[in-house]
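Worksheet for the structure shown next.
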Amino acid sequence: MNSFEIVSTPSPLLKADLDALRDAVRRLESQGFAVRVAQLLGSPIAKGIEVLPQKYGEVVQSAARTAIEKSLEVAVNTLGKKAPRGPGNGFHKLAAGASGALGGFFGLAALAVELPVSTTIMLRSIAEIARSHGEDLTNPEGRLACIEVFALDTGTRRVGDEAGYYAIRAGLAQIVREAAAQAAERGAARESGSAVVRFITQVAARFGVTVSDKVLAQAVPVIGAAAGSAINVIFTDYFQSVATGHFTVRRLERRYGPQVVRLEYERIRRELGL
157 MNSFEIVSTP SPLLKADLDA LRDAVRRLES QGFAVRVAQL LGSPIAKGIE
207 VLPQKYGEVV QSAARTAIEK SLEVAVNTLG KKAPRGPGNG FHKLAAGASG
257 ALGGFFGLAA LAVELPVSTT IMLRSIAEIA RSHGEDLTNP EGRLACIEVF
307 ALDTGTRRVG DEAGYYAIRA GLAQIVREAA AQAAERGAAR ESGSAVVRFI
357 TQVAARFGVT VSDKVLAQAV PVIGAAAGSA INVIFTDYFQ SVATGHFTVR
407 RLERRYGPQV VRLEYERIRR ELGL
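Printed below as a string of structure tokens:
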């Protein structure tokens with residue numbers, strides 16, 4: 157045998173878990189939100205918040221930050237409570253679609269009102285997905301993992317930027333731990349502590365790029381309220397899909413260990429050419 161020949165080794169994951177991880181890789185790496193919207197519109201949309209005029213870019217980024225702040229408040233103060241389970245994900249899509257109709261009709265002017273509402277609706281759906289994968293939402297880090305989903309659009313990467321799911325998580329890992337510790341100690345989302353502020357800033361920065369794609373799509377003259385609603389349904393469906401992938405990975409990490417799962421994840425990612 158040639159000394160440079162690669163020998164395939166069996167996966168340490170059970171087949172069902174390996175199949176679940178393969179599905180998670182597809183969800184987390186294959187199609188960003190912008191690609192899904194382009195399929196709806198039949199043509200690509202401009203990419204990223206930097207293509208908006210400065211004043212509009214500032215509105216988008218401000219709305220994104222407010223949305224994350226509101227979601228963080230919900231996550232810290234209510235997601236860990238033993239409350240009855242809410243409606244299913246289909247309801248969350250319909251509710252987000254209704255708020256999206258507002259954005260489609262009134263455009264950028266409605267963003268400051270519509271985005272925090274739709275983001276909080278999505279958070280409830282994400283929390284249900286997290287629970288279904290065994291996430292402990294009485295643990296502040298588990299609750300912040302729900303907020304982390306809004307930063308995980310790998311479709312926001314730039315040309316030459318190879319950052320994927322694990323690279324984004326690695327960039328957030330330390331600040332998530334610090335923010336979770338602060339939330340556990342002080343029990344409030346409206347917190348001036350540096351870790352919480354940095355967590356909000358980092359998640360909002362990435363979320364803002366995805367939001368800008370939504371704004372650009374809804375700004376197409378023929379879009380209007382109906383398509384604005386459809387775009388918000390795609391927006392919600394996209395983050396539900398990302399959440400499913402994210403919490404699948406976290407469930408498998410608890411079972412097999414983070415390093416084992418990451419190695420399998422990267423092997424599958426190469427295998428799929430993502």
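Using this note's numbering, the letters of the sequence shown map in sequence onto residues 157 to 430.
Built from N, CA and C at the ideal position, the CB exists for glycine as well.
If you're wondering where the values come from, they're calculated on a predicted model, not measured in any experiment.
### Task
Please determine if the stretch 218–228 and the stretch 300–308 are in contact, where contact requires at least 3 C-beta pairs separated by less than 8 Å.
yes
### Query
Quick one: Cα of residue 416 to Cα of residue 186, how far?
The count along the sequence shown starts at 1 and reaches residue 416 at position 260. The count along the sequence shown starts at 1 and reaches residue 186 at position 30. Their backbone Cα atoms lie some 22 Å apart in a straight line.
### Message
Buried or exposed, going by whether 16 or more other CB atoms sit within 10 Å of the CB of residue 180?
### Response
Residue 180 sits at position 24 when you count from the first residue of the sequence shown. Under this definition residue 180 is a buried residue.
### Task
Assign residue 210 to buried or exposed, taking buried as 16 or more other Cβ atoms, counted over all protein chains shown, within 10 Å of its Cβ.
Within the sequence shown, the letter at position 54 stands for residue 210. So residue 210 ends up on the exposed side.
### Task
Pull up the CB-CB distance for residue 279 and residue 219, whole angstroms please, since I reckon it's below 8 Å.
Translated into the one-based positions of the sequence shown, residue 279 becomes position 123. Translated into the one-based positions of the sequence shown, residue 219 becomes position 63. Contact doesn't hold; Cβ gap of about 15 Å is too wide.
### Neighbour-count burial assignment, residue 170, 16 or more Cβ in a 10 Å radius
On the sequence shown, residue 170 is found 14 positions in, with the first residue counted as 1. That one is exposed.
### Nonlocal neighbours in the same chain, by C-beta distance under 6 Å from residue 360, ignoring five residues either side
To locate residue 360, count along the sequence shown from 1; it is residue 204. Excluding positions up to five away in sequence, the list reads 220, 221 and 224.
### Query
How about residue 299 and residue 231: are their beta carbons less than 8 Å apart?
Taking the first residue of the sequence shown as 1, we reach residue 299 at position 143. Taking the first residue of the sequence shown as 1, we reach residue 231 at position 75. Yes; because the gap between Cβ atoms is below 8 Å, this pair is in contact.
#### Entry: 8 Å Cβ cutoff met for residue 184 and residue 275
Counting from 1 along the sequence shown, the entry for residue 184 is found at position 28. Counting from 1 along the sequence shown, the entry for residue 275 is found at position 119. Their beta carbons are not under 8 Å apart, which means residue 184 does not touch residue 275 by this criterion.
### Task
Jot down the residue ranges of each uninterrupted beta strand (DSSP E) in the stretch 165–197, minimum 3 residues, whole runs only, in chain order.
none
#### Entry: Identity of the residue in 414, 329 and 285 nearest residue 393 by Cα
Mapped onto the sequence shown, residue 393 falls at position 237. For the residues 414, 329 and 285, the minimum Cα distance to residue 393 belongs to 285.
### Query
So, using beta-carbon positions, are residue 297 and residue 333 closer together than 8 Å?
Sequence index remark: in the sequence shown, residue 297 carries index 141 (1-based). Sequence index remark: in the sequence shown, residue 333 carries index 177 (1-based). Contact: yes.
#### Entry: Neighbourhood of residue 406 by C-beta, 6 Å cutoff - its chain only, sequence neighbours within 5 removed
Start at 1 with the first residue of the sequence shown, and residue 406 comes out as number 250. Cβ within range, chain order: n/a, list empty.
### Alpha-carbon spacing of residue 390 relative to residue 192, whole angstroms
Translated into positions along the sequence shown, residue 390 becomes position 234. Translated into positions along the sequence shown, residue 192 becomes position 36. If you take the alpha carbons of residue 390 and residue 192, they lie about 7 Å apart.
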